[in-house]
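Below is one structure, written out as structure tokens; the observations come after it.
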Amino acid sequence: MHTSNGHTRREFLVAGGVAAGTASALGWPLRAFAERPDVGNPLAGYPARGWEKIYRDQYAYDSRFSWVCSPNDTHACRVLAYVRNGVITRMGTQYDYEKYSDLYGNHATANWNPRQCAKGYTFHRIVYGPYRLKYPIVRKGWKEWADAGFPDLDADGNRSKYKFDARGSDVHVRISWDEILRYIAKAYVNIARTYSGAPGAEKLRKQGYPEEMIAEMGGAGTRTFKMRGGMGLLGVMGKYGMYRLNNSMAILDAIVRKVKPAEAKAGRNWSNYTWHGDQAPGHPWVHGLQTSDCDFNDLRFSKLIIMNGKNLVENKLPDSHWFIECMERGGRIVVIAPEYGAPSTKADYWMPIRPATDAALWLGVTRLMLDQKWYDETFVKQFTDFPLLVRLDNLKRLRAEELIGGYKSAMSKDGASYKVQGLTEEQHTRIGDRVVWDAKTNKPVAITRDDVGKHLEKKGIDPVLDGRWTLKLADGSEVEVATLWSLYQVHLKDYDLDSVVEITHCPKAMIERLARDIWETTQNGGPVAIHQGEGINHWFHATEANRAAYLPLMLTGNIGRPGAGCHTWAGNYKAALFQGSKIAGPGFKGWVAEDPFEPSLDEKTPGKEVHAHAYTKDEEPAYWNHGDRPLIVETPKYGRRCFTGKTHMPTPTKSLHFTNVNLFNNAKHCYDMFKNVNPMIEMIIAQDIVMTSSVQYADIGLPANSWVEFEGLEITASCSNPFLQIWKGGIKPIFESRDDLAILAGIAKALSEETGDRRFADYFKFELEGKREVYVQRLLDSCTTTKGYKLDDILAGKYGTPGAALMLFRTYPRIPFWEQVHESEPFHTDTGRLHAYADVPEAIEYGENFIVHREAPEATPFLPNAIVSTNPYIRPDDYGLSADAEHWDERTVRNLKLSWAEVKRSRNFLWEKGFQFYCVTPKTRHRVHSSWSNVDWHMIYDSNFGDPQRVDKRAPYVGEHQLHMNPQAARDLGIQNGDYVYVDANPADRPYRGADPSDPFYKVARCMVRVTYNPAYPYSVVMMKHAPYVATEKSVKAHETRKDGRALCDDGYQANLRYGSQQSVTRNWHMPMHQTDTLFHKAKVFMGFLFGGEADNHAVNTVPKETLVRVVKAEDGGLGGQGVWAPATTGLTPGQENDVMQRYLAGGFVGEFQSAADEFLED
């Protein structure tokens, strides 16, 4: 074949560089492909175009409808579904965000357009895929147990007889909705009766539960009911409706124990945000708020964005353009991360760091700024705790009543603390007022939590920042005090630049540059923002890293301004968007915790008049994940010691019902749950759209409608945008699935039928009557952010797209702490100020009153959990625990304070045993947690081993999971690119406690993945993406027995790994700093305060990155387990680039191609 200028096709390709081993001809000018100018009209001989009609008809549709893609990614994008013959054929995005408005005429802008990622575009592959949970199912053994009248599982070997200890090998059978709802109701009644009163407590005692957990039940068997409305903000009616059902269990308790409503107790509400490890647990310690985050369009105002363990490129796909727009406006980007990843490609500079040493980095930056006097003195005095006086004897802040005899607080009832924030007299008495040294009067003076900002100026008080004094107290004693500012000068001596470089492995010049850039950007009027995420929050000592990141911003006043702040990003957690107050009404609580003994049964009752009363109590799934136990340690010094506060204390788990979450799949230590914990649970209900491992290991599977199939209204909002979204589905349910809320109402109705008490059904009256909109309108009526909206107006499109509106925030974009900085409201702490210090008893005892760097309890080469400090005002209790203690709970609570010189000479016993790789587990761009894990296209793109042909039949699916590994580290272990490896963690407890290689379950649970070379990772860091579909007993059997080798079970579950999972190397850790009873902070969903625990607010924040692993070769990567994986032999793969590939990566081909093209044309 010849081209128009006479050259053969082969000559053309050779000149194009194809023989050089690439498929790219980027350097060719378009003229090389042009026809000769003497050619006549090309349209005269144009081929037939009839085929185009067929092509265009592929995009024809009969109708379309709008729905909200609402996974746990914070975006809640509104998507268009195109329908043909009743079937969704494709998805598209909407370009109308500029139409979204509010009651006052404020509008969003077109800059939000478009908002959608590949997950929304492929959602119909989930809807119509072969992996749906199509109808209710029940485990055969469980049904036999129920049919036998629920015989005692502790007697006659019944737990094994009915396969409670072998759920993974049992089978599920199809059952009707009416039948399964009756079974569920009967089981709830049985479990409540079994575990109520003294007989129930004795039974639990014999089962081995700690006395603290039994006492926490208060005699109510219903306290063993655990329910989780998975990431409930994703669907406030159906998902958070789970907690409404749980609240109704107080009625069951009243029936079973024959108690009055005031004494009745319902079940435990499991958390979401903290359970995922997604909260920044240090935030409540600094400002008293659950989390600081902004609307994403605020990023365009920043002049310096620091991504600290947050991947805004891959994990915020629809809205990542906002930080790109910051770049376009002259802003700079800094990335702090162990690896050179996607965000680093956008950065002005990348700061490499040893995993989990970020607190040390920020302490080093803070010291540099203090040494250089780079701080805003006015902001520091008016809004931080640095001027407050601290007693040097007990390390607590000096209280006004300790200094002044007969002290009476001057805080006004008309001030913000009482009038706006909901502080009570009792709380004020408990927290007290504080003392500063006034420069004007040269004496100590009392200040209240309202004395911040302009209010401090009006009082004429000028706090001294640096000083020490000896004061005579009201009781006649003397005490030495100092400002916190002075004490930090002492504290930061341990964080000199050289030490910080050694701790973090970050180059000295970069640390200096970061400190300077923060200061100079601020001085030039530019806002500075730090964005943290799972890369920080998934480590044991995230609390310290979060607290430390605030220090430079506290020094420079980069809080409460557009484009400024320290924010954290992970899941769509923010129930607080539906905030209640005395003025608006109960808000979110009016929906999930309406009093079941006094429900409002008149549909005309406005939301503000709904009586809310929570009979439930929050609980962290982390306790279930820890052997269903709190943190109790036998200490040499004190004997048995419980570190779990009363406000956090769990109860035994006997029934578990969850929706919209792949709970077991995403649980740390999941194989321990399957093997050692779940056998003690008597009913597990998984409610989901598709078949998952959580359904497979459940007793009952309930099929839920997908977002496009909803038969009633659903509502959502977001922590990262200002959009209120209400919608319903546009196609009929394909199978026997139901809306989440309809399922919950069905259970309530069945309970009424089982008990003869109509109050269960009355509690869901309007859902059962098909009037869900009553509940939606009541929610809108009673929230500070939605009050005034009418549902009918929103659905009619009065505020833009039908079903959409703007949340009623104070600012657009929403900016945390705007009121504090601009209107001088106190922060939500006991002092009303931003905190660099914590004087609660637990923090002092644990050695974390000052912000410190602590080595990890596991993921470190050094002494686990060591405190790096010589500060004499850090006085931790070590409980007599030896530095050689190896048990995970002993390492958790051991507090040894050492200098960095001492720490760096120490060694972690696991490191010495060969566990020398940090294993980081970030989220992938191709899934949302585990969602979309069975969608073929996503799995093909999710790893380097995606193959729609599945040429290597060892692959569990068209894609499989992979481990990123530094090429040299892999080679040193004899591991080739593409080889299968085992990834093992501490064998004392992983992949499950009591693991035995001879146990068939061990093979199921041990993680096997392919290695992919990735030079972006440091030598001692490997990476495995978070939450693929885990291997189960049934998937392993399928993989080993099916002719095609797929890990596809008969029940429709498709695993992403041949053996094990990411969770094989993780475990739960009980951070003591997350379990206090004394931390004062804002309540989550109502304008008020509380002390101690609250789910998703101050609670155990799980940490899946807290692990060290060993990597061992398992199989060759070549076909059939023979030789090297073929692509790794081409010279084109990372870490194995041949000369040609290296030249291409260096851009050399561009010039070569141009020269070749020019020579070709000259010929």
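Sequential numbering of the sequence shown, starting at 10, is according to our numbering. No residue lacks a Cβ here, since even glycine has one placed at the ideal position from N, Cα and C.
Cβ-based burial, residue i [other Cβ within 10 Å; buried from 16]
i        : result
His-1090 : buried
Gln-958  : exposed
Asp-398  : The question names Asp, but residue 398 is Leu in the sequence shown. Classification for Leu-398: buried.
Trp-1211 : Residue 1211 cannot be examined here, being either before or after the span of the chain that is shown, 10 to 1172.
Gly-424  : buried
Ile-63   : exposed
Ala-894  : buried
Leu-35   : Because the pLDDT at Leu-35 is just 39, under 50, the model does not fix this residue reliably, and the value given afterwards should be weighed accordingly. So Leu-35 counts as exposed.
Val-1206 : No statement about residue 1206 is possible, as the shown extent of the chain runs from 10 to 1172 and does not include it.
Pro-881  : exposed
Asp-380  : exposed
Ile-189  : buried
Leu-432  : buried
Asp-1059 : exposed
Alpha-carbon to alpha-carbon, residue j and residue i
i        : j        : result
Trp-494  : Ala-224  : 44 angstroms
Phe-587  : Arg-823  : 15 angstroms
Thr-662  : Glu-745  : 30 angstroms
Glu-851  : Pro-595  : 32 angstroms
Gly-276  : Lys-1093 : 19 angstroms
Trp-909  : Leu-326  : 40 angstroms
Cys-1016 : Pro-1000 : 8 angstroms
Lys-617  : Ala-259  : 23 angstroms
Met-658  : Glu-153  : 34 angstroms
Leu-789  : Ala-201  : 35 angstroms
Glu-543  : His-550  : 12 angstroms
Gln-1163 : Gly-1157 : 10 angstroms
Thr-1111 : Gly-1160 : 52 angstroms
Asp-898  : Val-136  : 43 angstroms
Thr-12   : Arg-58   : The pLDDT assigned to Thr-12 is 42, lower than 50, so where the model puts this residue is not dependable, and the model offers no usable value.
Contact under 7 angstroms by Cβ, residue i with residue j
i        : j       : result
Arg-1076 : Lys-677 : yes
Phe-826  : Gly-569 : yes
Ile-193  : Ile-860 : no
Arg-191  : Ala-759 : yes
Gly-1101 : Gly-441 : no
Cys-515  : Ile-539 : no
Trp-294  : Arg-458 : no
Thr-513  : Arg-363 : yes
Phe-769  : Asp-748 : no
Val-180  : Lys-149 : yes
Tyr-204  : Gly-230 : yes
Tyr-262  : Ala-271 : Looking at the sequence shown, residue 262 is not Tyr but Asp. No.
Nearest neighbour of residue i, chosen from the options [CA to CA]
i       : options                               : result
Ile-743 : Leu-722, Gln-67, Gly-166 and Ile-698  : Ile-698
Thr-668 : Asn-685, Ile-512 and Ala-695          : Ala-695
Ala-368 : Leu-254, Gly-318, Glu-603 and Val-601 : Gly-318
Val-509 : Thr-375, Lys-390 and Leu-401          : Thr-375
Ala-554 : Ile-333, Lys-598, Asn-975 and Thr-366 : Thr-366
Asn-94  : Val-88, Ala-69 and Trp-76             : Ala-69
Gly-129 : Tyr-137, Gly-114, Thr-118 and Met-100 : Met-100
Arg-406 : Glu-435, Ser-878, Thr-701 and Val-444 : Val-444
Asp-475 : His-330, Asp-179 and Val-490          : Val-490
Ser-2   : Glu-603, Gly-599 and Lys-583          : Because the chain is modelled from 10 through 1172, residue 2 falls outside the range shown and cannot be assessed.
Gln-977 : Ser-1029, Val-1013 and Lys-932        : Ser-1029
Arg-936 : Tyr-427, Phe-924, Met-316 and Ser-952 : Ser-952
Pro-885 : Pro-870, Thr-869, Val-902 and Phe-871 : Val-902
Per DSSP, the bridge partner or partners of residue i
i        : result
Val-1030 : Tyr-927
Glu-1103 : His-1107
Lys-906  : Ile-876
Thr-1122 : First, the residue type needs correcting, since residue 1122 is Lys and not Thr in the sequence shown. Val-990.
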